[in-house]
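Have a look at the structure below, then the notes.
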DNA sequence: CAGAAAATAATTTGATCATATTCTGATGGA
DNA sequence: TCCATCAGAATATGATCAAATTATTTTCTG
């Protein structure tokens, strides 16, 4: 069910036109990004096996680039290496989510503080636009778009912070809980998902870094709490 | 000068005996670990270029495993991708070190708390032994051994915490500042390096998680502070 | 004619692929 | 139940192609 060829068809097109824009990116980079999106936006479910040749077929790429992309993702914790040569999308336990909560609430507020200090009218405008798209996605119950815009909002915030290492850490965490977010949405729907983004944005407009950080910490904790709850009900551990 | 064949000679031996212990590890894993050690213990200096074919020659390995290992390390921030296809050991700026300080002091104390809660006589004994080896290394001014034992001490602590995600984060940070530690030692010598390990150990023996965490936070901050100072003097930014 | 800039050639290095080898898990017979 | 065999998948190699850097030559200007 998770490997529906119908849904995959549109995702395959990314390598179709070699002369297209962003064709200058090396294949391993393109494969990496494609897999990343598949993971972040719930196209690859927790527990699902990821085979090299399967990815080769799906994306129409060679083995070497696919291997490299998979190594990269395992290094980031987005994929997991079983003892034998199998690779799967990790299944989170409640204990893992607790770790993720701790890590995110330790790092993200700091990034928000830095982002607020560096915010300009135009960057705040960017965030506002993303948040509007997010609200629209919620309104029409579009889970995929919700996941995408929500990630984009946070990611843009990270880039505004001008803190490459902390950004990389925060960004890497998304790959760990991303696949589980789709599960949460399936459970609770898009209506009562956390969204402290408005509060954060108005704090940023007012230049109140602490308030913005507090709002985003709320957002993070609420979101991860949903994941924990979904796991506690459905999952095993 | 950094690529002295004499010094490298002994490092090449790791692939010499295919039937040796840990020969069951795949080549890409062995290459990864070899490069990791080279970075952590100062054999590869910041700014140094890392070429695929150079590593192939140095380690006597094929291209594919080396490529995969390099991808993994770039994903972890241990190596950096220049715009063109060059890969170098990143050069830290003071700003980077500030981020590392923040991240480490946010994560490591938590790991120490968890490690203390799970400590047994035998694990504490293990730590004590590593710390003795560390003291011995300092006493005889053996920089390489100091770096190795110091890392081992922290890494063992991480594994005791039974928190795979936080451990991976903390462990990954070492790869970012590892190459700079050797520079610090060259500057300040091994005498006045931070060592709150004794304090942490006695707190752990007493079961006082908070005291242990506090000691290790001190250790972390002092250590990173040395790096910052060394960079502020010598480096550009 | 000398020196610098531009263009071109050569070498090095990275990216990708096709292919051979090794390993794992499963199937089926003893 | 256990062992042998087999199919399929992953690992690893070397070759090939493409890009980039460096070295060399050519050309232009003063």
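Chains as they are written, first to last, in our numbering: chain A, 1 to 237; chain B, 1 to 237.
For glycine and all other residues, C-beta sits at the position ideal for the given N, C-alpha and C.
The structure displayed is predicted, hence computed values, not measured ones.
Through-space distance from residue j to residue i, alpha-carbon basis
| i | j | result |
| --- | --- | --- |
| residue 160 (chain A) | residue 106 (chain A) | 18 Å |
| residue 230 (chain B) | residue 183 (chain B) | 8 Å |
| residue 86 (chain A) | residue 169 (chain B) | 23 Å |
| residue 145 (chain B) | residue 129 (chain B) | 14 Å |
| residue 65 (chain B) | residue 58 (chain B) | 13 Å |
| residue 279 (chain B) | residue 233 (chain A) | No answer is possible for residue 279 (chain B): the residues shown for chain B start at 1 and end at 237. |
| residue 181 (chain A) | residue 122 (chain A) | 30 Å |
| residue 225 (chain A) | residue 187 (chain B) | 47 Å |
| residue 124 (chain A) | residue 227 (chain B) | 35 Å |
| residue 80 (chain A) | residue 206 (chain A) | 43 Å |
| residue 115 (chain B) | residue 51 (chain B) | 39 Å |
| residue 23 (chain B) | residue 62 (chain B) | Note that residue 23 (chain B) scores a pLDDT of 46, beneath 50, so its modelled location is shaky and nothing firm can be said. |
| residue 155 (chain A) | residue 178 (chain B) | 27 Å |
| residue 220 (chain B) | residue 102 (chain A) | 19 Å |
| residue 199 (chain A) | residue 26 (chain A) | 40 Å |
| residue 142 (chain B) | residue 33 (chain B) | 22 Å |
| residue 42 (chain B) | residue 42 (chain A) | 40 Å |
Under 9 Å between C-beta atoms of residue i and residue j
| i | j | result |
| --- | --- | --- |
| residue 204 (chain B) | residue 111 (chain B) | no |
| residue 71 (chain A) | residue 75 (chain B) | yes |
| residue 69 (chain B) | residue 35 (chain B) | yes |
| residue 185 (chain B) | residue 147 (chain B) | yes |
| residue 213 (chain B) | residue 113 (chain B) | yes |
| residue 46 (chain B) | residue 91 (chain B) | yes |
Proximal residues to residue i (C-beta, below 6 Å), its chain only, five neighbours per side dropped
| i | result |
| --- | --- |
| residue 38 (chain A) | 44 |
| residue 55 (chain B) | 66 |
| residue 222 (chain A) | 194 |
| residue 196 (chain B) | 215, 218 and 219 |
| residue 21 (chain B) | Note that residue 21 (chain B) scores 36 on pLDDT, short of 50, meaning its location in the model is unreliable; the coordinates nonetheless yield the value given after this. No residues qualify anywhere along the chain. |
Option in the options with minimal Cα separation from residue i
| i | options | result |
| --- | --- | --- |
| residue 167 (chain B) | B:149, B:109, B:196 and B:28 | B:109 |
| residue 31 (chain B) | B:60, B:42, B:48 and B:46 | B:60 |
| residue 29 (chain A) | A:53, A:46 and A:73 | A:73 |
| residue 210 (chain B) | B:95, B:78 and B:117 | B:117 |
| residue 78 (chain B) | A:219, A:212, A:165 and A:202 | A:165 |
| residue 189 (chain A) | A:218, A:196, A:201 and A:140 | A:140 |
Neighbourhood of residue i by C-beta, 7 Å cutoff - its chain only, sequence neighbours within 5 removed
| i | result |
| --- | --- |
| residue 158 (chain A) | 111, 167, 170 and 171 |
| residue 152 (chain B) | 130 |
| residue 174 (chain A) | 40 and 151 |
| residue 119 (chain A) | 160 and 204 |
| residue 149 (chain B) | 130, 133, 134 and 137 |
| residue 100 (chain A) | 173, 176, 177 and 224 |
| residue 202 (chain B) | none |
Bridge partner(s) assigned by DSSP for residue i
| i | result |
| --- | --- |
| residue 81 (chain B) | B:87 |
| residue 50 (chain B) | B:87 |
Residue i Cβ short of 8 Å to the ligand ADP heavy atom set
| i | result |
| --- | --- |
| residue 177 (chain A) | For the ligand ADP, the structure offers nothing, since it holds no ligand at all. |
Proximal residues to residue i (C-beta, below 8 Å), its chain only, five neighbours per side dropped
| i | result |
| --- | --- |
| residue 53 (chain A) | 63 |
| residue 162 (chain B) | 114 and 118 |
| residue 208 (chain A) | 116 |
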